[in-house]
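Below: one structure, written as structure tokens.
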Amino acid sequence: MKTILRSLIAAGLAAGFVASLGVPAFAQQERIIRFGHLNNTDHPVSLGVKRFAEVLATKSGGKMKVQEFPASQLGNELQQQSALQGGVQQMSAPATTSLAGVVKEFGLVDFPFSVTSFAQADALLDGPLGQTLISKLPEKGLVALGYWDLGFRNVTNSKRPITKAEDLDGLKIRVIPNPVFMDTFKAFKANPLPMPFAELYPALETKAVDGQENPFAVILSNKFFEVQKFVSATNHVYAANIILVSKKFWDGLTPAEQKWMQEAAEESRAYQRQASRAAAAKAVADLKAAGMQYNDVSPAELGRMRQIAQQATEHFTAQYDPAIVKLYRDELTRIGKQ
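Take the sequence shown: its letter number 334 is residue 334 in the numbering used here, and every next letter is one higher.
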């Protein structure tokens, strides 16, 4: 009995000591983070998740463990978004395009031909515009830790090379369920069909759609070369992934745990971007080797396509917060001079 009493007193003293330091008793508990995304395990998004998990495990002394769920195992982007908002999933890394239904100003990131280099894209997202958009998410049940690279989006199809805007006329093109993407391809007189990514391969295989648009690494990783003949470097939109955390989960973390997660996101960002851009360059060669017919689009034709697309998307700015639209335009001017 004395031994038990001494143990209880010691435990009480230890708890009091922890409380005196202002450290919550649950600060050292193990946390399992379910991290879902749409891509296969050979894709740069998966590489980013793995690096994030390694850094976070190190910083937390192994207490914060990431379980990766790739290849839409936890559902499509909107299903995973709802799971984060409900607190049943802890993290995801969707394309920013999926957030336009939550914070409509994310549609600005999808405006076609707005940036022409990775340096411009990084400056736009890591700067005031990207951070302003992130600040709008907590009230929607989401917390964002920054942006990863997905790459410039390019068109594939089974009919013909895309060398000019007119080549898209009449093609059934799968697009992300996003108003900006829909209107952009309507402007090119294509027939855009919104469809969850997990349904895309069989739709291409059965010719339910003629084509789709994605970064080169996504096209390769998902073996679209098996069901598509032509790949055209339209580079019409720069796409980024955003590192999302459930706000319900985030609010239950200690300040130290939140700091570790933010630092892990920042430390994995440069690695993921570098890996993604290297994969994109290699993917072009691999797609050609797999039998796809590749073509560039001339700068003059890209200029024409930009003008056509701008006419189609300009009306969206009237629907957005004017202050954010002004910031977007100011930032484009700033990064254009870099």
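We put the CB at the ideal spot given by N, CA and C, even for glycine.
Whole-angstrom distance between residue j and residue i, CA atom to CA atom
| i | j | result |
| --- | --- | --- |
| SER232 | ASP251 | 44 Å |
| GLU205 | PHE224 | 9 Å |
| SER298 | VAL155 | 15 Å |
| LEU171 | PHE230 | 13 Å |
| LEU124 | GLU30 | 36 Å |
| ARG153 | ILE219 | 10 Å |
| ILE32 | GLU68 | 10 Å |
| ALA119 | GLN307 | 23 Å |
Own chain, CB closer than 7 Å to residue i, minus 5 neighbours either side, in chain order
| i | result |
| --- | --- |
| ASP183 | ALA312, THR313 |
| LEU145 | ILE243, VAL245, MET261, GLN262, ALA265 |
Nearest-angstrom Cβ-Cβ length linking residue i and residue j, presumed shorter than 8 Å
| i | j | result |
| --- | --- | --- |
| ASN76 | ALA198 | 6 Å |
| PHE316 | HIS236 | 16 Å between Cβ atoms; not a contact. |
| ALA95 | ASN241 | 6 Å |
| ALA280 | ALA217 | 5 Å |
| PRO128 | GLU331 | 6 Å |
| SER276 | GLY130 | Not confirmed; about 17 Å, so no contact. |
| VAL55 | PHE35 | The Cβ separation is near 13 Å, so there is no contact. |
| SER158 | GLN85 | That pair is no contact at about 37 Å. |
| ASP210 | ILE162 | Wrong, their Cβ atoms sit about 11 Å apart, outside the cutoff. |
Beta-ladder partner(s) of residue i, from DSSP
| i | result |
| --- | --- |
| SER232 | VAL155, ASN295 |
| VAL245 | MET91, VAL143 |
| GLY36 | PHE69, SER92 |
| GLY211 | ASN157, ILE173 |
| ALA194 | Note that residue 194 is Pro in the sequence shown here, rather than Ala. DSSP, once it has assigned bridges, lists VAL175 as partnering PRO194. |
| TYR238 | PHE152 |
| ARG31 | MET64 |
Contacting residues, own chain, Cβ-Cβ under 8 Å from residue i (five flanking each side not counted)
| i | result |
| --- | --- |
| LYS186 | PRO192, ALA312 |
| ARG329 | none |
| SER102 | In the sequence on display, residue 102 carries Val and not Ser. Counting only Cβ-Cβ distances below 8 Å, and skipping sequence neighbours, we find GLN81, LEU137, LYS140, LEU142. |
Buried/exposed call for residue i, threshold 16 Cβ in 10 Å
| i | result |
| --- | --- |
| ILE335 | buried |
| ALA121 | buried |
| ALA285 | exposed |
| THR234 | buried |
| PRO202 | exposed |
| GLU257 | buried |
Contacting residues, own chain, Cβ-Cβ under 6 Å from residue i (five flanking each side not counted)
| i | result |
| --- | --- |
| PRO108 | The amino acid occupying residue 108 in the given sequence is Leu; Pro does not appear at that position. So the list reads TYR328, once near-sequence residues are dropped. |
| VAL45 | HIS37, ASN39, ALA93, ASN241 |
| ILE176 | THR97 |
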